[in-house]
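These protein sequences, in sequence, are chains X and Y. Position 357 (the first sequence) corresponds to 356 in numbering that gives the first Met the number 0; numbering is contiguous. Position 117 (the second sequence) corresponds to 116 in numbering that gives the first Met the number 0; numbering is contiguous. Here a beta-carbon is modelled for each residue, glycine too, at the ideal position from N, C-alpha and C. Heads up, the thing below is written out as structure tokens.
2 protein chains.
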Amino acid sequence: MVMQFLLIANIKCSGSLSGINSGDIADFVTYCNTNLLKKGAPSGGGAVIDQWNVAGEKIKLKLVSDRYVRVHDALLRLKNELTKLLGKHRIGLRGVEIEDYRILMDWDEDWQLKKLPFVKTLKQERGTLTLALDVDESALANRIPDRIVRLLEDKKEAAKWKGKSEHWELLFESEKKPFYFDKDPTEEMANRCWIRHAAGRGQFVYGPQITKIFRAFERILFDEIFTPLGYEEMIFPKFVSWDVWKRSGHAKGIYPEAYYVCTPKTRDPDYWEEVIDYYKVTNEVPVDMIMKRIENVGGMCYAQCPPSWVFLQGKTMPDDILPVKVFDRSGTSHRYESGGLHGIERLDEFHRVEILWMGKKEQVIEHSKQLRAKYRHIFDEILDIEWREAWVTPWFMAQEGKAGLAELREVGTIDYEGVLPYSAKMLEFQNVSVNGDKYPKGFSVKLQSGEQLWSGCSGVGLQRWAAVFLAQKGLDPDNWSEKFRSAVGELPEVFRFL
Amino acid sequence: MVMQFLLIANIKCSGSLSGINSGDIADFVTYCNTNLLKKGAPSGGGAVIDQWNVAGEKIKLKLVSDRYVRVHDALLRLKNELTKLLGKHRIGLRGVEIEDYRILMDWDEDWQLKKLPFVKTLKQERGTLTLALDVDESALANRIPDRIVRLLEDKKEAAKWKGKSEHWELLFESEKKPFYFDKDPTEEMANRCWIRHAAGRGQFVYGPQITKIFRAFERILFDEIFTPLGYEEMIFPKFVSWDVWKRSGHAKGIYPEAYYVCTPKTRDPDYWEEVIDYYKVTNEVPVDMIMKRIENVGGMCYAQCPPSWVFLQGKTMPDDILPVKVFDRSGTSHRYESGGLHGIERLDEFHRVEILWMGKKEQVIEHSKQLRAKYRHIFDEILDIEWREAWVTPWFMAQEGKAGLAELREVGTIDYEGVLPYSAKMLEFQNVSVNGDKYPKGFSVKLQSGEQLWSGCSGVGLQRWAAVFLAQKGLDPDNWSEKFRSAVGELPEVFRFL
């Protein structure tokens with residue numbers, strides 16, 4: 000792709016430049032154009048000073064470059080050299096004013112770009128995109144132009160995948176199993192008062208019977224996975240600060256689905272008196288007044304494992320403790336799901352046991368196979384459900400807003416799906432993922448040997464397990480396998496209503 | 000307290016009133032002043048039409064009242080009668096414009112009122128408070144003036160308690176116990192990598208050792224309380240919508256301490272594209288842009304039991320299922336605590352097992368005594384700690400911003416406190432509360448017999464138990480009681496760092 004960068008900058012100096020021999024400046028420009036601004040670029044590439052002008056205390060420069068030694072990098076190189084040159088005349092650099100910054104590139108996309116950050120004007124015609132940027136020197140130091148170019152590449156990639164379905168490839172399919180139910184388990188549980196829709200969107204209160212079923216799922220995880228495979232329990236944070244989501248990559252795309260968390264700007268009671276008074280006088284919560292008094296600091300747990308990495312952040316571990324296997328079941332996850340009622344199959348608030356392992360590449364891959372064997376045993380022998388495994392777009396790519404095929408066959412996500420007989424739809428009810436070195440890299444966790452640390456995770460959604468199990472087997476324990484019936488025990492009867 | 004209300008209203012009619020005999024209107028005013036606006040008031044009290052004037056299609060009225068049949072109630076009564084009178088002339092009422100509304104009352108407070116909702120001007124002098132209100136007819140129908148008066152009473156009450164300490168009265172004190180530790184357990188745990196401060200304020204990641212201790216606390220609750228006393232587990236919601244906090248009373252005062260939850264105004268990816276682009280170009284999360292795209296819908300779990308009442312909301316239960324005993328341990332609680340580092344003693348994010356029972360008054364009181372006996376056994380015989388019980392301001396009063404003494408001896412909160420030897424401070428580590436009929440009333444839950452339904456709750460903070468236990472006994476299991484050591488089992492060693 001052809002790309003051109005243009006920059007007009009006014010460099011302000013601490014004194015008049017009239018005393019400097021104009022030959023010296025011409026030599027400096029020649030040095031830049033033949034050497035300094037070419038270093039590292041392929042032959043014929045790099046930046047040049049296209050025009051220059053010295054007047055009073057100012058040097059005006061027009062820089063032009065291709066994608067190598069882009070004009071903002073060229074400006075930085077040049078400033079350092081210029082500082083040395085002027086230093087001999089006891090003149091310093093006072094600042095740089097960016098008069099113009101333009102990017103031109105090939106652009107064959109048939110969709111329209113609307114608005115881009117730091118872009119004043121945007122022209123898209125005859126196969127060329129021209130951007131005029133609104134940037135100052137510090138924006139250039141922060142490499143804003145480079146990130147705009149990368150953003151455009153992201154958008155092209157996203158457009159390519161738009162409308163296409165996610166990658167999906169069958170890996171394994173269980174035997175056919177008998178179904179004993181053809182209704183929607185959510186409705187049936189609501190009728191029996193096992194659950195009740197709570198005050199929030201996609202949120203339920205779970206009564207004693209279904210809670211006991213969830214706890215039986217957990218007990219199966221303990222007996223079949225945690226104890227035999229040597230897992231230990233940890234407690235992962237449930238509020239997730241932006242810093243975590245920046246490191247995990249979620250800050251790239253989580254926004255439309257996040258439950259946002261905001262904290263008071265101050266705890267001072269006087270600051271809140273007006274809000275309290277308003278509520279007491281109207282019996283209405285003044286959300287607009289509240290919005291002005293709080294600030295967004297992150298969100299509620301979305302993917303569960305990312306905030307746990309803070310435990311290891313910046314640390315180096317000895318290789319001999321690997322593989323490490325931990326799990327967390329200490330709280331809720333929240334996603335702003337699409338509207339409408341979905342029952343317990345698709346919830347805004349749900350409960351998940353998050354399973355996390357780490358080790359060297361081969362250990363992590365090997366362990367994911369062990370886990371898959373254990374799950375197969377649980378689904379075939381204990382829950383006795385019909386299910387399948389599919390290779391899909393890795394979850395962290397999906398959550399960063401990236402689509403498409405996983406390039407690697409080692410890093411990626413396996414989704415587990417089961418049919419819901421009442422709707423004949425397939426429901427994804429858990430996953431097993433090998434995440435490569437993504438998290439150790441994002442949170443700077445290292446091994447003593449210097450080898451790459453890898454990790455994997457698997458999220459068991461209790462409501463999703465229940466949705467598939469109950470849809471296939473129904474709410475009557477007589478239709479459950481002997482093993483599962485005994486894992487659950489007697490279903491408690493606590494409440495009755497008139 | 001002397002109180003006076005004044006109202007000037009312009010009633011607009013659908014036609015000219017010139018055709019109505021002025022005697023009829025005078026009769027109407029006399030009827031109002033001697034009968035209609037006096038009904039229900041003590042002799043000499045009530046409202047009067049002080050001035051009245053008919054011009055074209057308008058009737059202008061000046062109403063004056065004391066605290067009985069306040070002028071806005073008087074206006075409502077009068078409008079109904081006037082509708083009948085004018086109806087005979089085929090004239091209807093088109094609307095009421097409130098020209099002036101004033102409240103005058105005795106005010107001996109020595110502190111200054113600043114601002115009040117719906118109050119245009121506020122004058123506080125020579126023992127009298129004068130409020131000029133900015134209200135329309137619908138605000139009067141919503142009884143805004145009554146609520147302003149109640150708010151002023153609240154503020155007087157709060158001012159009375161300001162600076163005074165909460166009610167505290169010793170109920171019971173355990174024997175002295177040996178202490179084996181004089182350090183801050185948070186620091187010691189951090190040194191040993193049992194915990195690490197997470198990315199959020201007052202938030203930790205809990206490693207395998209301390210998590211195993213927390214789970215031992217839970218196992219003790221199961222063995223000593225849940226199983227013998229017939230408790231069943233439920234799962235309570237962890238996002239709390241404003242509707243719940245309106246019913247629980249928290250909407251009256253939770254604001255300075257809440258963790259607020261906001262949801263996207265829409266899930267439409269286009270709506271969020273600018274935010275995503277900005278992040279990708281700057282690597283900074285644009286919280287200001289986010290704040291404009293989200294709306295506040297409630298907060299994160301604060302008191303744990305309130306959202307569970309939605310399960311029962313509006314229902315009637317047969318008496319024979321009582322007492323009902325349930326608990327929840329399905330997630331985190333969040334409070335915006337005062338600044339500074341407090342370790343695990345005072346956290347923004349913590350884990351609590353919430354114990355909830357309900358029944359008739361005597362059942363609820365009786366059960367709270369059973370629970371207290373069980374706790375006493377746990378603290379004396381298993382944890383072997385030094386502790387005490389105190390009768391304090393009920394938790395729900397404190398959380399509604401109310402201070403002072405509990406009037407009743409049956410409804411109220413018992414705090415459990417233990418000394419932290421390293422700081423010699425007392426830490427409240429759990430409570431047992433009898434909440435009377437507060438929650439059944441707030442969520443409209445009834446008994447078939449018509450008798451009052453009561454409830455109680457007890458929150459076991461896992462971090463608080465750990466803070467007191469570890470501060471007194473230390474991190475070395477050799478100094479723990481045999482019973483607790485065996486409840487915990489071996490402390491797992493999973494991670495090591497260089």
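Between the alpha carbons of Y:V274 and X:D135 lies a distance of about 21 Å. Of all residues in the region 254-271 of chain X, the ones placed with a Cβ closer than 8 Å to any Cβ belonging to chain Y are Y254, P255, E256, A257, Y258, Y259, V260, C261, T262, P263, T265, R266, D267, P268, Y270 and W271, in chain order. Note: Y:L446 is bridge-paired with Y:M316 in the DSSP secondary-structure output. In the three-state reduction of the DSSP assignment, Y:N9 falls in the strand class. About 11 Å separates the beta carbon of Y:R191 from that of Y:L469, a gap too long to meet the 8 Å contact definition.
The C-beta of X:R146 has 16 or more other C-beta atoms within 10 Å across all chains shown, which makes the residue buried.
Taken in chain order, the members of the region 323-353 of chain Y whose beta-carbon sits within less than 7 Å of a beta-carbon on chain X are V323, V325, S329, G330, T331, H333, Y335, S337, E348 and H350.
Closest by C-alpha distance to Y:W394, out of Y:P317, Y:S247 and Y:N478, is Y:S247. With its beta carbon at least 8 Å from every one in chain Y, X:N9 lies outside the interface.
Distance from the CA atom of Y:R66 to the CA atom of Y:E152, rounded to whole angstroms, is 14 Å.
In the displayed model, X:N20 falls within coil according to three-state DSSP, outside both helix and strand. For X:Y277, the chain Y residues whose Cβ falls inside 7 Å of its Cβ are P116, in order along the chain. Under the DSSP assignment, Y:I209 falls in the alpha helix (DSSP H) whose first and last residues are P207 to L220. Apart from sequence neighbours up to five positions away, the residues of its chain that approach Y:V418 with a beta-carbon distance below 7 Å are E385 and M425, ordered along the chain.
Taking one beta carbon from each stretch, the region 355-366 of chain X and the region 450-463 of chain X have 3 or more pairs nearer than 8 Å; the two touch. Taking the C-beta atoms as reference points, X:I48 is found nearer than 8 Å to X:N32. Judged by DSSP in its simplified three-state form, X:E385 adopts coil rather than helix or strand.
For X:L132 and X:R125, the gap between their C-alpha atoms comes out near 20 Å.
Between X:F496 and Y:M316 a beta carbon distance of about 6 Å is seen, short of the 8 Å cut, so the two are scored as contacting. Shown here, Y:V325 sits in a strand according to DSSP, grouped into three states.
Its chain contains E399 and G400 as the residues whose beta carbon lies nearer than 7 Å to that of X:K251, once the 5 sequence neighbours on both sides are disregarded; these appear in chain order.
By the criterion of a C-beta distance shorter than 8 Å, X:G488 is surrounded in its chain by K211 and A215, once the five residues flanking it on both sides are discounted. The beta carbon of Y:F395 does not come within 8 Å of any beta carbon belonging to chain X, so the residue lies off that interface. Residue environment analysis places X:A73 among the buried positions, since at least 16 neighbouring C-beta atoms fall within 10 angstroms of its C-beta. With fewer than 16 other beta carbons inside 10 angstroms of its own, X:L340 counts as exposed. Neighbours of X:W464 across chain Y, judged by C-beta separation under 8 Å, do not exist; the nearest C-beta is about 14 Å away. Residues are counted here when their Cβ sits less than 8 Å from a Cβ of chain Y; for the region 143-172 of chain X these are I143, R146, I147, R149, L150 and D153, given in chain order. Pairing X:S17 with X:I90 gives a Cβ-Cβ distance that is not under 8 Å. Residue nearest to Y:P420 within the set Y:A140, Y:L128, Y:F180 and Y:V68 is Y:F180 (criterion: CA-CA distance). Here Y:E156 is exposed. Its C-beta has fewer than 16 other C-beta atoms within 10 Å. Of all residues in the region 180-204 of chain X, only R195, A197, A198, G199, Q202 and V204 place a beta-carbon less than 7 Å from a beta-carbon of chain Y. Annotation for Y:P144: H71 place their beta carbon closer than 6 Å to its own, counting only its chain and skipping 5 residues before and after. Y:E481 counts as exposed, since fewer than 16 other C-beta atoms from the protein chains shown sit within 10 angstroms of its C-beta. For X:R351, the pairing in a beta bridge is given by DSSP as X:G460. Cβ neighbours of Y:K237 within its own chain (closer than 6 Å, five residues either side excluded): C300 and G330. For X:L128 and X:L103, the gap between their C-alpha atoms comes out near 6 Å.
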